[in-house]
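When the letters of the sequence shown are read in order and numbered with our numbering, they come out as residues 588 to 743.
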Amino acid sequence: MEVTVRFASPRDLADVAKIFENSFSGGYRYWSLRLLRVLDVLVATVSDKVVGAAEIYTTNVEGYGDVGVIGFIAVKREYRRKGVGRKLVLEAERVFRAMGCRFSAASTREGNTASVRLFASLGYALYKRGDKVFEELEAPLYAYEDDVIMLKALSS
Ligand SMILES: CC(C)(COP(=O)(O)OP(=O)(O)OC[C@H]1O[C@@H](n2cnc3c(N)ncnc32)[C@H](O)[C@@H]1OP(=O)(O)O)[C@@H](O)C(=O)NCCC(=O)NCCS
588 MEVTVRFASP RDLADVAKIF ENSFSGGYRY WSLRLLRVLD VLVATVSDKV VGAAEIYTTN
648 VEGYGDVGVI GFIAVKREYR RKGVGRKLVL EAERVFRAMG CRFSAASTRE GNTASVRLFA
708 SLGYALYKRG DKVFEELEAP LYAYEDDVIM LKALSS
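Right, dumping it as structure tokens:
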């Protein structure tokens, strides 16, 4: 299975919305869809079909410099556990590096095993509510509904 990751074009956004709708509920669903036309979007395709997506942005945080943030990431159910999420994260990191970011970060619920393990497997450190790093990054990451922040230093 050949997976390609690229920036989304406007005509990909309906497919991305469908994947987010099927992957998230509550506030996560609302914000992932609400921000679709606001944030940059990476899509993963297989045979030109969109099978996964990540919404990304960068923000400057005191003490961290420019931080690349993976706001929402989701993969179509039947394509999960095939390395698509990993490819999306690695491409986001490449984009962040090219933009001069020193860190890549994401946040999730501690119980989201797939997300936590995906980021941990790529070298992200985990910080929980109460940790200094969590408190410093909670606002820039809009991690108010989350209880774990995942952070990786990007080598240039
Ligand atoms: C999180 C998510 C994007 C992962 O995408 P994916 O394409 O299935 O992930 P990958 O196949 O690249 O997995 C990479 C590694 O992550 C870990 N992982 C992924 N899914 C896992 C699961 N369900 N259980 C345990 N580990 C998992 C594994 O270490 C995996 O490597 P391996 O398959 O070689 O063991 C996907 O599960 C998803 O869309 N979830 C719903 C939306 C969501 O919760 N997004 C995150 C919060 S914004």
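Where a beta carbon is used, it is the ideal one built from N, C-alpha and C, also for glycine.
Residue i - containing beta strand (DSSP E), residue span
| i | result |
| --- | --- |
| residue 593 | 590-594 |
| residue 733 | Where residue 733 is concerned, there is no enclosing beta strand (DSSP E), given that its DSSP letter is neither H nor E. |
| residue 714 | 712-715 |
Beta carbon of residue i nearer than 9 Å to that of residue j
| i | j | result |
| --- | --- | --- |
| residue 714 | residue 721 | yes |
| residue 627 | residue 644 | yes |
| residue 622 | residue 595 | no |
| residue 638 | residue 671 | yes |
| residue 696 | residue 734 | yes |
| residue 633 | residue 589 | yes |
| residue 737 | residue 711 | yes |
| residue 753 | residue 702 | Not covered by the structure: residue 753. The range shown for the chain is 588 to 743. |
| residue 725 | residue 650 | no |
| residue 659 | residue 642 | yes |
| residue 610 | residue 668 | no |
Residue i Cβ short of 8 Å to ligand 1 heavy atom set
| i | result |
| --- | --- |
| residue 705 | yes |
| residue 615 | yes |
| residue 721 | no |
| residue 700 | yes |
| residue 610 | yes |
| residue 667 | yes |
Bounding residues of the alpha helix (DSSP H) (the contiguous stretch that carries residue i)
| i | result |
| --- | --- |
| residue 723 | 719-724 |
| residue 672 | 671-685 |
| residue 705 | 700-708 |
Supposed close pair residue i, residue j - CB separation, criterion 8 Å
| i | j | result |
| --- | --- | --- |
| residue 741 | residue 683 | 6 Å |
| residue 648 | residue 654 | 5 Å |
Please specify which runs of the alpha helix (DSSP H), each continuous and at least 4 residues long, are wholly inside the stretch 601-638, giving them in chain order. 613-621
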